[in-house]
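Per the working numbering, the sequence shown starts with residue 651, numbered consecutively.
Report on one structure; see the data block that follows.
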Amino acid sequence: GEKQSVQMPETADAIKVMTIHKSKGLQFPIVIMPFLNWTSSKNGKDKLWIDLDDRFNPLKSALISGGEEVFKNIGQAAVLAEEKNRTLLDTMNLLYVGFTRPEERLYLLTATTRNSFIGKLISDNMQLEISGSGNVSYGTKTSPVRKSKKHGEEWPLQSKPWQRWQDKLRISYESQKQWGESEGLISARFGNLVHEVLSQLTSVRELEQVLQKVSIDFQCNTETALRLKQEVERVLSHEFMQRMFDEQVQSKTEAEIVDASGISHRPDRLVFFPDETIVIDFKTGTERDSHQHQIRLYGELLTQMNCPSVKKYLFYTKDSKLQEVH
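Below, the structure is given as structure tokens:
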């Protein structure tokens, strides 16, 4: 439900809340920018990933936290300065976008102290003499001067010769497959629903809750929801699956594992026992060699993480086939 939103008509007398990024290209009579208390660093400390030299092998990089003096002592003052300049540029770009959205008034809500980076920036600039005809007023509202909008010149429509579009275009009916009219695609989509439930399910105890969530998220009708429940219950009746989904075991679903190259991997289910670790991938289609390659990769990553006695399994839901991969 977090992705759902309420659609409000443009004519509604209401405040529209959005991020600065979302407001790009838009104009509003009045803009309020709250919470302008951004800081360039937290508690006076900067955090920055830096590359390490050969002295720190096998570590290649490290997250350094501290003030400017810390980075100066380790010879990384220039790197910190460059990062701060980038942060300042991003901040100024955001402020520019926010400050140029209003047509009549702009309200800035910031701290009266000069501790925050933005507060100090605004305070310093407010003290400067305003050049030209611009004025800065504190607490005083003036009636806006509304400019009359010019309407475009009207051109009468003239009759033009026309032709049937059917004579010019031929429609491809491949879209039927995309809309579930292909029997094979219907089966694949249902398999995806089964996989979605299994990948979200922590234990059998949560089955009803997860089934309801998936049915709502994927807008399943009553017939599909009932069929989905029966299929998942059949899969969970397997002896191995009963053990893997027992509420007493420690498990993680779709846990993110990042390898040395920075690539993210998400095995469907990890189950942890004191003397062994089990990684499971659920497959709703036919067997493929790539499935074994994928599960072996998961196993290698877990072994590198010092997980004890890693065992790898593929479970094909269609025929409840369990396959251990070595």
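Ideal Cβ positions, reconstructed from N, Cα and C, are used throughout, including at glycine.
So residue i is in the beta strand (DSSP E); what residue range does that whole segment cover?
i      : result
Asp931 : Thr927 to Lys933
Glu718 : Not the beta strand (DSSP E): Glu718 falls in the alpha helix (DSSP H), residues Glu718 to Asn723.
Asp969 : No beta strand (DSSP E) holds Asp969; DSSP gives it neither H nor E.
Lys697 : Asp696 to Asp701
Whole angstroms is fine: what's the gap from residue i's alpha carbon to residue j's?
i      : j      : result
Lys679 : Arg736 : In the sequence on display, residue 679 carries Pro and not Lys. One C-alpha to the other measures close to 31 Å.
Gly782 : Thr741 : Confidence at Gly782 is low in this model, with a pLDDT of 45, below 50, so the placement of that residue should be treated as unreliable; the coordinate-derived value is given next. Computed Cα separation, rounded: 26 Å.
Leu744 : Gln808 : 47 Å
Gln826 : Pro752 : Residue placement at Gln826 cannot be trusted, given a pLDDT of 47 that sits under 50; what the coordinates show is reported in the next sentence. Going from the Cα of Gln826 to the Cα of Pro752 covers about 47 Å.
Arg916 : Asp969 : 24 Å
Glu926 : Cys957 : 7 Å
Val747 : Ser673 : 8 Å
Glu974 : Gln942 : 9 Å
Val681 : Lys697 : 33 Å
Ser911 : Gln954 : 14 Å
Gln828 : Phe868 : Since pLDDT at Gln828 reaches only 47, below the 50 mark, its modelled position is unreliable, and the value read off the structure follows with that caveat. Their Cα atoms are separated by approximately 16 Å.
Gly830 : Lys666 : Its pLDDT being 47, under 50, Gly830 is placed unreliably in this model, and the coordinates cannot settle the point.
Glu906 : Thr874 : 30 Å
Gln900 : Thr936 : 29 Å
Asp663 : Glu803 : 31 Å
Met891 : Ser940 : 23 Å
Glu858 : Glu883 : 10 Å
Lys971 : Arg938 : 13 Å
Glu856 : Thr872 : 20 Å
Phe706 : Gln657 : 55 Å
Pro708 : His671 : 40 Å
Pro924 : Val860 : 28 Å
Trp688 : Leu739 : 14 Å
Ile768 : Tyr757 : 14 Å
Gln898 : Ser715 : 40 Å
Trp805 : Leu819 : 30 Å
Lys734 : Gln944 : 41 Å
Asn723 : Glu732 : 17 Å
Arg946 : Lys902 : 18 Å
Gly675 : Asp704 : 49 Å
Is residue j closer than 9 Å to residue i when the C-beta atoms are compared?
i      : j      : result
Met668 : Leu759 : no
Leu878 : Ser887 : no
Tyr966 : Thr934 : yes
Leu702 : Lys710 : yes
Ser849 : Asp896 : no
Leu713 : Phe721 : no
Ile772 : Leu851 : no
Ile928 : Asp918 : no
Glu718 : Ala727 : yes
Quick check on this structure: which residue in the options has the alpha carbon closest to the alpha carbon of residue i?
i      : options                           : result
Glu881 : Val844, Gln954, Thr936 and Ser793 : Val844
Tyr948 : Ser914, Pro924 and Gln850         : Ser914
Val908 : Ala875, Gln900, Glu732 and Leu952 : Leu952
Val960 : Ala727, Phe922 and Arg884         : Phe922
Leu876 : Phe840, Phe890 and Arg893         : Phe840
Arg893 : Thr874, Arg755 and Leu920         : Leu920
Glu950 : Lys971, His976 and Arg938         : His976
Ile700 : Gly725, Trp805 and Gln677         : Gly725
Cys870 : Asn842, Glu889 and Glu856         : Asn842
Glu754 : Asn723, Thr903, Ser793 and Leu739 : Ser793
Glu904 : Val860, Glu846 and Ile768         : Glu846
Met749 : Gln677, Phe932 and Glu889         : Looking at the sequence itself, residue 749 is Phe, so the reference to Met does not match. Closest option to Phe749, Cα to Cα, is Gln677.
Val885 : Lys863, Phe932, Gln898 and Gln862 : Phe932
Indicate the three-state DSSP secondary structure (helix, strand or coil) for residue i in the structure shown.
i      : result
Ala664 : coil
Ser825 : In this prediction, Ser825 has a pLDDT of 47, which is less than 50 and means its spatial position is unreliable; what the coordinates show is noted afterwards. Helix.
Leu759 : coil
Ala910 : coil
His915 : strand
Ala905 : coil
Val681 : strand
Leu713 : strand
Val899 : coil
Leu848 : helix
Leu771 : helix
Leu843 : helix
Lys961 : strand
Would you give the residue range spanned by the alpha helix (DSSP H) that residue i belongs to?
i      : result
Thr737 : Ala727 to Phe749
Ile670 : Counting along the chain, Ile670 falls outside any alpha helix (DSSP H), and DSSP gives it neither H nor E.
Phe706 : No alpha helix (DSSP H) holds Phe706; DSSP gives it neither H nor E.
Gln808 : Where Gln808 is concerned, there is no enclosing alpha helix (DSSP H), given that its DSSP letter is neither H nor E.
Asp939 : Asp939 to Gln954
Val864 : Leu857 to Asp867
Val885 : Thr872 to Leu886
Phe890 : Glu889 to Met894
Comparing the C-beta of residue i with each C-beta of chain D, is any distance below 9 Å?
i      : result
Phe721 : In summary, chain D is missing from the structure at hand, where a single protein chain is found.
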